[in-house]
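Visitor:
Protein chains in written order, with the working numbering: chain A, 1 to 551; chain B, 1001 to 1364.
1. Report the residue ranges of all alpha helix (DSSP H) runs contained in full by the segment 1221-1248 of chain B; include only those spanning at least 4 residues, in chain order.
2. According to DSSP, residue 103 (chain A) sits in a beta bridge with which residue or residues?
3. With 16 other CB atoms within 10 Å as the buried threshold, where does residue 487 (chain A) fall?
4. Using a Cβ cut-off of 9 Å, which residues of the segment 243-265 of chain A contact any Cβ in chain B, in chain order?
5. By the three-class DSSP mapping on this structure, what secondary structure does residue 246 (chain A) have?
6. Write down the C-beta distance between residue 1202 (chain B) and residue 1300 (chain B) rounded to the nearest angstrom, noting that I regard them as a contact closer than 8 Å.
7. Alpha helix (DSSP H) containing residue 1295 (chain B): first to last residue?
8. Taking only beta-carbon atoms, is residue 1104 (chain B) less than 8 Å away from chain A?
9. Which class does residue 1269 (chain B) belong to by DSSP, given the choice of helix, strand or coil?
10. Starting from the beta carbon of residue 1066 (chain B), find every residue of chain A whose beta carbon is closer than 8 Å, and list them in chain order.
11. Is the segment 1243-1258 of chain B touching the segment 1152-1172 of chain B, taking contact as three or more C-beta pairs under 8 Å?
12. Only counting runs of 4 or more residues, tell me where the alpha helix (DSSP H) segments fall wholly within the segment 1099-1139 of chain B, in order along the chain.
13. Looking at chain A, is there any beta carbon in it that lies within less than 8 Å of the beta carbon of residue 1108 (chain B)?
14. According to the neighbour-count rule (16 or more other Cβ atoms, all chains shown, within 10 Å of its Cβ), is residue 111 (chain A) buried or exposed?
15. Look at the alpha carbon of residue 494 (chain A) and the alpha carbon of residue 396 (chain A), and state the distance between them as a whole number of angstroms.
16. Using only the alpha-carbon positions, how far apart do residue 100 (chain A) and residue 323 (chain A) sit?
17. Going by beta-carbon coordinates alone, are residue 266 (chain A) and residue 65 (chain A) separated by less than 8 Å?
18. In three-state DSSP terms, what is residue 1328 (chain B)?
19. Residue 1309 (chain B): buried (16+ other C-beta within 10 angstroms of its C-beta) or exposed?
20. List, in order along the chain, the chain A residues whose C-beta lies closer than 8 Å to that of residue 1096 (chain B)?
21. Under 7 Å Cβ-Cβ, which residues of chain B neighbour residue 236 (chain A)?
22. What residue range is occupied by the uninterrupted beta strand (DSSP E) comprising residue 1058 (chain B)?
23. For residue 1213 (chain B) versus residue 1084 (chain B), is the C-beta spacing smaller than 8 Å?
24. Show which residues of chain A have a CB atom less than 8 Å away from the CB atom of residue 1089 (chain B).
25. Taking Cβ to Cβ, would you say residue 44 (chain A) is nearer than 8 Å to residue 388 (chain A)?
26. Comparing alpha-carbon positions, which option in A:310, A:513, A:483 lies nearest residue 537 (chain A)?
27. Residues bridged to residue 1280 (chain B) by DSSP?
28. Taking a Cβ distance cut-off of 7 Å, strictly less, list which residues of the segment 1340-1351 of chain B are near chain A, in chain order.
29. Any beta-carbon of chain A closer than 8 Å to the one on residue 1358 (chain B)?
30. Around the C-beta of residue 1197 (chain B), are 16 or more other C-beta atoms found within 10 angstroms, so that it is buried, or is it exposed?
31. Can you look up residue 1083 (chain B) in the DSSP assignment and give me helix, strand or coil?
32. Give a yes or no on whether the minimum CB-CB distance between residue 416 (chain A) and chain B is below 8 Å.
33. Hey, does residue 1188 (chain B) have any beta-carbon neighbour from chain A nearer than 8 Å?
34. Tell me, please, whether the segment 363-377 of chain A touches the segment 1066-1073 of chain B by the rule of three or more beta-carbon pairs shorter than 8 Å.
35. Who are the Cβ neighbours of residue 255 (chain A) in its own chain at under 6 Å, not counting the five residues just before and after it?
36. Apply the 10 Å Cβ neighbour rule to residue 27 (chain A) and answer buried if 16 or more other Cβ atoms are within range, or exposed otherwise.
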């Protein structure tokens, strides 16, 4: 996608239409955009309003225990884990992105498709598999016992286990955004650097890396918030983070205290948002001049080909191969032991239906937010965009209970219906869609829309005929991310779905909670396979664009 | 240059944080599969089969998992024709949902895994008084004294021990004695588990907060291995990774059924009659504002019928609570246990328990 190719501003000038005469966006368009955005903001404010209301009921004891040293300690641990996961993700994702986009790595396209896929593995499943594979006496140890006499592997529980598990499950967020950015960098910039006498490494450091900063920032934000929110991995890896404290409070039915703690989590989110804002600032990424980017030349890895190959293979083995392998092993062992695999048709259909609706609705809701954020930058739109992240770091149970309260008291007709569940998914996952659309919009030069306006098109026509088609990659990316995170969502699904509604995630939970692993394997594998499809489609699409550049 | 240095600084900071984080608790764990026990339905026409033309429906919120209670709920539908819609979840999350829903809840029945969840809902005034004939089926100590909920099955707290390392003679009579330093490094527990919380609550009732705190600190000093639930503890004891663990009684029988008598773990029912000998219930109550009161009563009656009670004894290895139903084979009868004499509603005060566990540093 090279919008710049079509921008011929001088030609437009020759027609006698000066840019200054571009009609301003009509107030009607603004009204529609702001109206839709206000609706989205209202939905996003529901959980926050609920938390403030519940926290207001907190007694003195709750406030006191909020300010005990132990709380501070846990805040520190949680922040430390989130930062460490983000840092380690960057160390994995940036090289992976570069290797799969810009080098002659063997099997480059295979790695390009496989490396983002770990995102489809639910964290409670991933952590369980990690523990059962890498635990002191897990599957890996059993494999090593006969040939090497290894009777016990080192402990992975606690910080290292949580760090490794969360990184392997969430680095794809950063990989996807860095890949997308790399694919769009004009190689002329690098060539200029090389022609000025810089070697490849200096060029990467001084030209490419700075251009990747916003992508590292926005991907890193999702990684950090994922680490803040996660419950499954930290619970199974026995590392106390803030989410665990919140769950403990719900277990003792102290809703006010839980709400207070959840608000602290929102405050932590604000910190990460501020960190990220420093990275992306006022950057613009559409090409400013006329002319098309030429295809980049692939860097020759030389003797580094095979170490790079081993790196990719290692990451894919631990993040994807190992979990999928353990699931397949459980399933086969269960089948051999005569265990019947229950029919999963209805659950699979429910999962696809709910996640598909969530993907469509969420992308639809994210569109006005992203357009306003990119095309009408200002303090209000910036706040609106940040607001979409407010729920992303909250555990699902918090959003679920907020919507229970809202549904029962103010929207009875909506309560425990499929649209209610879709609303919950939307509130939880909208930042992923906003991020994808925002990145896509930033690549579309506003001149294109303005040109269409000067040629007499109405704003709606411009949107449908110019903006939307150019936005398609962003729409696909946002929708597939929301789809796969909704597929694996559990707490909100259990509480808010229509009664009797079974999804693949609830089937996995039902089996795992009673330690019936063989029975959990089939639905878990289905989640992985079914969410891999849109993901693969999306990556192949991106790759095709890349291939066209190669040709 | 400036930029890359900043980025490098960020990464270093991240790794430094990683390095200075506290070391992991030493915790061996292997995860093996537990084969599901096939459900054999003993069909006794004991439940009165009088079916009205339209038997109606029922909404059950279940904190017990579908793999445990799904089959017996289907039996209820088969026997009565009543269409049952079930929302499954963990007991605490379902209870939290009920508290949020308040009087507007669509639920008729709350079927909970532990007395804590029942107590929270009862305290919120959401349960209706149950009819005397339902309450009377269960001994008084296994139901709410106010008649708001009734126990459906009972589970005992036990000490599970490795048979290679120990014999019952090596084990103390009271759970207090595990604070002795001879148990250092040999114990396992699951501090986030609901049943464990119930036991600590029982300690606070029986011993008082100070002695309970001393027990928790004593166990902490013995470096217990921390697990996420009961099943992994039994597993680790069977594998010899730890020698004893504090669990509920029924997990062991699932392992024995799957792995045979060679599984190297057995239950020790503490004879001292202290909090370690707690017997608690899984139970159910009727939501006062549920629209199907009559069907809710029929559901509770069915769960306390011989058929359902035999199901719990035979398939989940829990203690039946109704007279005339046999204890699962291999278990000491409930009447032989020197159980802690405690009011089940006293187990509902979880807030004080989590507070104490937090102060001692057992919970975050």
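A virtual CB, placed ideally from N, CA and C, is assigned to each residue, including glycine. Source: prediction; values computed, not measured.
Guide: If we stick to the structure as given:
1. If you keep only unbroken alpha helix (DSSP H) runs of at least 4 residues inside the segment 1221-1248 of chain B, you get 1230-1238.
2. To locate residue 103 (chain A), count along the first chain from 1; it is residue 103. Under DSSP, residue 103 (chain A) takes part in a beta bridge, and its partners are A:299.
3. Here residue 487 (chain A) refers to the residue found at position 487 when the first chain is read from its first residue. Classification for residue 487 (chain A): buried.
4. Along the segment 243-265 of chain A, going in chain order, the ones with a CB nearer than 9 Å to a CB of chain B are 244, 245, 247, 248, 249, 250, 251, 252, 253, 254, 255, 257, 258.
5. Translated into positions along the first chain, residue 246 (chain A) becomes position 246. In this structure, DSSP gives residue 246 (chain A) a helical state, which the three-state scheme calls helix.
6. Position 202 of the second chain, counted from the first residue, corresponds to residue 1202 (chain B). Position 300 of the second chain, counted from the first residue, corresponds to residue 1300 (chain B). That pair is no contact at about 25 Å.
7. Locating residue 1295 (chain B) in the second chain gives position 295, counting from the first residue. Here the alpha helix (DSSP H) through residue 1295 (chain B) covers 1293-1303.
8. Here residue 1104 (chain B) refers to the residue found at position 104 of the second chain. With its beta carbon less than 8 Å from one in chain A, residue 1104 (chain B) belongs to the interface.
9. Counted from its first residue, the second chain places residue 1269 (chain B) at position 269. Coil at residue 1269 (chain B), not helix or strand.
10. Looking up residue 1066 (chain B) in the second chain gives position 66. Under a criterion of Cβ atoms nearer than 8 Å, the residues of chain A adjacent to residue 1066 (chain B) are, in order, 510.
11. Touching, yes, given that three or more Cβ pairs across the two stretches are closer than 8 Å.
12. Qualifying alpha helix (DSSP H) stretches, in chain order: 1115-1123, 1132-1135.
13. Mapped onto the second chain, residue 1108 (chain B) falls at position 108. Output row for residue 1108 (chain B): interface = no.
14. As a working note, residue 111 (chain A) is residue 111 in the first chain. Buried is the call here.
15. The residue labelled residue 494 (chain A) in the question sits at position 494 within the first chain. The residue labelled residue 396 (chain A) in the question sits at position 396 within the first chain. The alpha-carbon of residue 494 (chain A) is positioned some 10 Å away from that of residue 396 (chain A).
16. By 1-based counting over the first chain, the position of residue 100 (chain A) is 100. By 1-based counting over the first chain, the position of residue 323 (chain A) is 323. As the crow flies, the alpha-carbon of residue 100 (chain A) is around 23 Å from that of residue 323 (chain A).
17. Here residue 266 (chain A) refers to the residue found at position 266 of the first chain. Here residue 65 (chain A) refers to the residue found at position 65 of the first chain. No, they are not a contact pair.
18. Walking along the second chain from the start, residue 1328 (chain B) turns up at place 328. Of the three classes helix, strand and coil, the one that applies to residue 1328 (chain B) here is coil, per DSSP.
19. Here residue 1309 (chain B) refers to the residue found at position 309 when the second chain is read from its first residue. Within a 10 Å sphere around the beta-carbon of residue 1309 (chain B) sit 16 or more other beta-carbons, which makes this residue buried.
20. In the second chain, residue 1096 (chain B) corresponds to position 96, counting from 1. 250, 253, 255, 397, 401, listed in chain order.
21. As a first step, residue 236 (chain A) is located in the first chain; it is residue number 236 there, counting from the start. Residues of chain B with a Cβ closer than 7 Å to the Cβ of residue 236 (chain A) are, in chain order, 1228.
22. Position 58 of the second chain, counting from 1, holds the residue named residue 1058 (chain B). Taken as a continuous stretch (DSSP letters only), the beta strand (DSSP E) holding residue 1058 (chain B) covers 1057-1062.
23. Residue 1213 (chain B) sits at position 213 when you count from the first residue of the second chain. Residue 1084 (chain B) sits at position 84 when you count from the first residue of the second chain. The answer is no: Cβ separation not under 8 Å.
24. To locate residue 1089 (chain B), count along the second chain from 1; it is residue 89. Proximity of chain A to residue 1089 (chain B) at the Cβ level (cut-off 8 Å) is accounted for by 494, 495, in chain order.
25. In the first chain, counting from the first residue as 1, residue 44 (chain A) sits at position 44. In the first chain, counting from the first residue as 1, residue 388 (chain A) sits at position 388. A contact, by the Cβ cut-off of 8 Å.
26. Here residue 537 (chain A) refers to the residue found at position 537 of the first chain. When each option's Cα is compared against that of residue 537 (chain A), the closest is A:483.
27. Position 280 of the second chain, counting from 1, holds the residue named residue 1280 (chain B). Bridge partners of residue 1280 (chain B) according to DSSP: B:1155.
28. Taken in chain order, the members of the segment 1340-1351 of chain B whose beta-carbon sits within less than 7 Å of a beta-carbon on chain A are 1350, 1351.
29. The count along the second chain starts at 1 and reaches residue 1358 (chain B) at position 358. Interface annotation, residue 1358 (chain B): in contact with chain A, CB-CB separation under 8 Å.
30. What you label residue 1197 (chain B) is simply residue 197 of the second chain in a count that begins at 1. With 16 or more Cβ atoms within 10 Å of its Cβ, residue 1197 (chain B) is classed as buried.
31. Taking the second chain and counting its residues from 1, the one referred to as residue 1083 (chain B) is at position 83. Strand, per DSSP.
32. Along the first chain, read from residue 1 onward, the residue named residue 416 (chain A) stands at position 416. The beta carbon of residue 416 (chain A) falls within 8 Å of a beta carbon belonging to chain B, placing the residue at that interface.
33. If you number the second chain from 1, residue 1188 (chain B) lands on position 188. For residue 1188 (chain B), no CB of chain A lies under 8 Å from its own CB, so it is not counted at the interface with that chain.
34. Contact fails: fewer than three Cβ-Cβ distances are below 8 Å.
35. By one-based count along the first chain, residue 255 (chain A) stands at place 255. Hits under 6 Å: 54.
36. Reading the first chain from its first residue, position 27 is the one you call residue 27 (chain A). So residue 27 (chain A) counts as exposed.
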